[in-house]
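Listed below in structure tokens is the structure:
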């Protein structure tokens, strides 16, 4: 078991957004974390890396507790969060963005070559400022930057958000390929179908709690999942 | 021709003073972009640099050692300020932080007054003395001016190389660009913030040493430098370290020519006119981007 979360609770002030979540991710898995807007998925990911310090519960990475560690330590547990939205360094070049991703990796120059081979689009734009990339390229850059730290566990928050359909396909293809690298993925998405197609298992969150879990193939045909996603935001979520 | 060499004389004097403003402005920018704090104690670093170096030189240390040690001491003071005050005072409004830095600058002045009294002091000229001068197209310049310009040019270039081409420098820019993403890459943000204070203080301390033979060192010299350095930083574009160089030189040169035309009482007018004009006309400064750093709320 790579990641084990037990009864985790997190809050912004008095507002509890993660309410007793337990989940686990095994080595090599791609695990989806689904749910509507405001279900607490992002807050859960932020809690896992220490950006939102949990109030209660346990987080075990390789069986060791990571509770209470500052966010910049999460990478030393080989855990990297790729946050939602344009979280690249807009004023740094693409190359510099990637090198920062390898801040703690002594072989960062070697890794840079590997990542640039993987994302030829980024190699073409290596000298451009990050902020000048298109939304999809920025998402690839965020992914590449995360790989620079050679993570074992990658936490992806809505990687397809706001991307053109073709770019969504490309991003999901890249995520699927992560498996070959031996990277374990916890994937937060609103794009339910695409997520369940590449995931092994998935959890469904609602108002801060896990309401459903199971094999991806099973969930794909689960009427409960369809119900949860045919609400106001559901229609667009189904690709 | 006479007019021309006078103008050159003013220009040189403007560049000399302007290079000091540039250093203060760079200090403002480094700290602002890494921490969001507008540090009005920046001028005190210049004063402290001069004072510590003078004290060490009087103890009989060679000039180079005295200056080197002064830079290290002032840098340590800068780090200490960050660790003791700003690290604990995050999440306050930018205005609160400004008032805190002004308070700190007063405290530093008072401490300096107690240690070094109110006498005006100076370091000896690095080469030659107060009457030696070099001819330069009909204008006379003190060799010390070359020391000032040389020392500051070298430190600006080194800083640029640090920020552009080293991992720690890039990490510092990453913190300024997106602190949360920088943390997730494993950058220890509080340490980076301390480093930004240490670097700014070291630069200010060095400027205080090289300028001391020309402008003298006095416990009250920091506050006006902070204001002019701030004007220079705003002019160059807040948060852009190299913008501070352009801003500083501009303010210094304008000031030198203003002094030649206006009564002495209007000595500081140029800097304030620049400050107000920029704030009205182009609040993001010459090199800043509209809606970028300058209006970021912390």
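Chains as they are written, first to last, in my numbering: chain A, 1 to 239; chain B, 240 to 537. No residue lacks a Cβ here, since even glycine has one placed at the ideal position from N, Cα and C.
Step through the CB atoms of chain A and report whether any lies within less than 7 Å of the CB of residue i.
{"i": "residue 422 of chain B", "result": "yes"}
{"i": "residue 354 of chain B", "result": "no"}
{"i": "residue 517 of chain B", "result": "no"}
{"i": "residue 435 of chain B", "result": "no"}
{"i": "residue 417 of chain B", "result": "yes"}
{"i": "residue 413 of chain B", "result": "yes"}
Using the rule of at least 16 other Cβ atoms within 10 Å of the residue's Cβ for burial, across every protein chain shown, is residue i buried or exposed?
{"i": "residue 352 of chain B", "result": "exposed"}
{"i": "residue 26 of chain A", "result": "exposed"}
{"i": "residue 37 of chain A", "result": "exposed"}
{"i": "residue 392 of chain B", "result": "exposed"}
{"i": "residue 117 of chain A", "result": "exposed"}
{"i": "residue 467 of chain B", "result": "buried"}
{"i": "residue 245 of chain B", "result": "exposed"}
{"i": "residue 485 of chain B", "result": "buried"}
{"i": "residue 152 of chain A", "result": "buried"}
{"i": "residue 348 of chain B", "result": "buried"}
{"i": "residue 12 of chain A", "result": "exposed"}
{"i": "residue 383 of chain B", "result": "buried"}
{"i": "residue 290 of chain B", "result": "buried"}
{"i": "residue 255 of chain B", "result": "buried"}
{"i": "residue 14 of chain A", "result": "exposed"}
{"i": "residue 506 of chain B", "result": "exposed"}
Since residue i and residue j should fall inside the 8 Å C-beta cutoff, what is the C-beta to C-beta distance between them, to a whole number of angstroms?
{"i": "residue 80 of chain A", "j": "residue 423 of chain B", "result": "7 Å"}
{"i": "residue 462 of chain B", "j": "residue 344 of chain B", "result": "7 Å"}
{"i": "residue 336 of chain B", "j": "residue 263 of chain B", "result": "Residue 336 of chain B to residue 263 of chain B, Cβ: 18 Å. No contact."}
{"i": "residue 40 of chain A", "j": "residue 208 of chain A", "result": "4 Å"}
{"i": "residue 212 of chain A", "j": "residue 204 of chain A", "result": "4 Å"}
{"i": "residue 270 of chain B", "j": "residue 394 of chain B", "result": "About 16 Å separates the two Cβ atoms, so there is no contact after all."}
{"i": "residue 35 of chain A", "j": "residue 187 of chain A", "result": "Residue 35 of chain A to residue 187 of chain A, Cβ: 12 Å. No contact."}
{"i": "residue 452 of chain B", "j": "residue 363 of chain B", "result": "7 Å"}
{"i": "residue 189 of chain A", "j": "residue 160 of chain A", "result": "7 Å"}
{"i": "residue 513 of chain B", "j": "residue 472 of chain B", "result": "That pair is no contact at about 11 Å."}
{"i": "residue 29 of chain A", "j": "residue 200 of chain A", "result": "5 Å"}
{"i": "residue 488 of chain B", "j": "residue 258 of chain B", "result": "7 Å"}
{"i": "residue 144 of chain A", "j": "residue 91 of chain A", "result": "Not really, about 18 Å apart at Cβ, beyond 8 Å."}
{"i": "residue 313 of chain B", "j": "residue 446 of chain B", "result": "Not a contact, Cβ separation roughly 10 Å."}
{"i": "residue 437 of chain B", "j": "residue 272 of chain B", "result": "Incorrect: roughly 15 Å between the Cβ atoms, too far for contact."}
{"i": "residue 181 of chain B", "j": "residue 426 of chain B", "result": "This structure leaves residue 181 of chain B out entirely; chain B is present only between 240 and 537."}
{"i": "residue 82 of chain A", "j": "residue 146 of chain A", "result": "5 Å"}
{"i": "residue 317 of chain B", "j": "residue 491 of chain B", "result": "Actually they do not touch by this definition, with Cβ atoms about 23 Å apart."}
Residue i touches chain B at which residues, Cβ-Cβ below 9 Å?
{"i": "residue 49 of chain A", "result": "422, 423"}
Using a cut-off of 7 Å between C-beta atoms, extract the partners of residue i located in chain A.
{"i": "residue 410 of chain B", "result": "100, 103"}
{"i": "residue 428 of chain B", "result": "72"}
{"i": "residue 319 of chain B", "result": "None at all; the shortest Cβ gap to chain A is about 22 Å."}
{"i": "residue 277 of chain B", "result": "Ordered by position in chain A, no residue passes the 7 Å Cβ test against residue 277 of chain B, which lies about 20 Å from the chain."}
{"i": "residue 526 of chain B", "result": "The premise fails here: residue 526 of chain B is roughly 12 Å from chain A at the closest Cβ pair, so nothing lies under 7 Å."}
Cβ of residue i less than 7 Å from any chain B Cβ?
{"i": "residue 96 of chain A", "result": "yes"}
{"i": "residue 91 of chain A", "result": "yes"}
{"i": "residue 87 of chain A", "result": "yes"}
{"i": "residue 6 of chain A", "result": "no"}
Give the residues of chain B in contact with residue i, contact being defined as C-beta atoms less than 8 Å apart.
{"i": "residue 81 of chain A", "result": "423"}
{"i": "residue 149 of chain A", "result": "424, 425"}
{"i": "residue 75 of chain A", "result": "423, 424, 425"}
The ligand SAH and residue i: does the residue's C-beta get closer than 6 Å to at least one heavy atom of that ligand?
{"i": "residue 171 of chain A", "result": "Among the components of this structure there are no ligands whatsoever, and the ligand SAH is therefore not found."}
Taking residue i as the query, report the chain A residues whose CB atoms sit under 8 Å from its CB, ordered along the chain.
{"i": "residue 269 of chain B", "result": "Those within 8 Å of residue 269 of chain B in chain A number zero; the least Cβ separation is about 14 Å."}
{"i": "residue 402 of chain B", "result": "By Cβ distance, chain A contributes nothing, its closest Cβ being about 11 Å from residue 402 of chain B, past 8 Å."}
{"i": "residue 398 of chain B", "result": "Near residue 398 of chain B there are no residues of chain A at all, since even the closest Cβ is about 16 Å away, more than 8 Å."}
{"i": "residue 550 of chain B", "result": "Since the first and last residues shown for chain B are 240 and 537, residue 550 of chain B lies out of range."}
Identify the contact partners of residue i in chain A, using a Cβ-Cβ distance below 9 Å as the criterion.
{"i": "residue 501 of chain B", "result": "Residues of chain A passing the Cβ test: none, with the nearest at roughly 40 Å."}
So within the region 142-195 of chain A, which uninterrupted beta strand (DSSP E) runs reach at least 3 residues, ignoring any that extend past its ends? 153-157, 184-189
Completely contained alpha helix (DSSP H) runs for the region 84-112 of chain A, where each covers 4 or more residues: 94-101
Output the residue ranges of the alpha helix (DSSP H) runs that lie fully inside the region 6-67 of chain A and measure 4 residues or longer, sorted by chain position. 41-49
What residue ranges within the region 469-535 of chain B form continuous alpha helix (DSSP H) runs of no fewer than 4 residues, ordered along the chain? 482-500, 508-520
What alpha helix (DSSP H) runs, 4 residues minimum, are completely inside the region 331-415 of chain B? 333-355, 382-404
Note down, one range per segment and in chain order, each alpha helix (DSSP H) of at least 4 residues found wholly within the region 288-320 of chain B. 302-320
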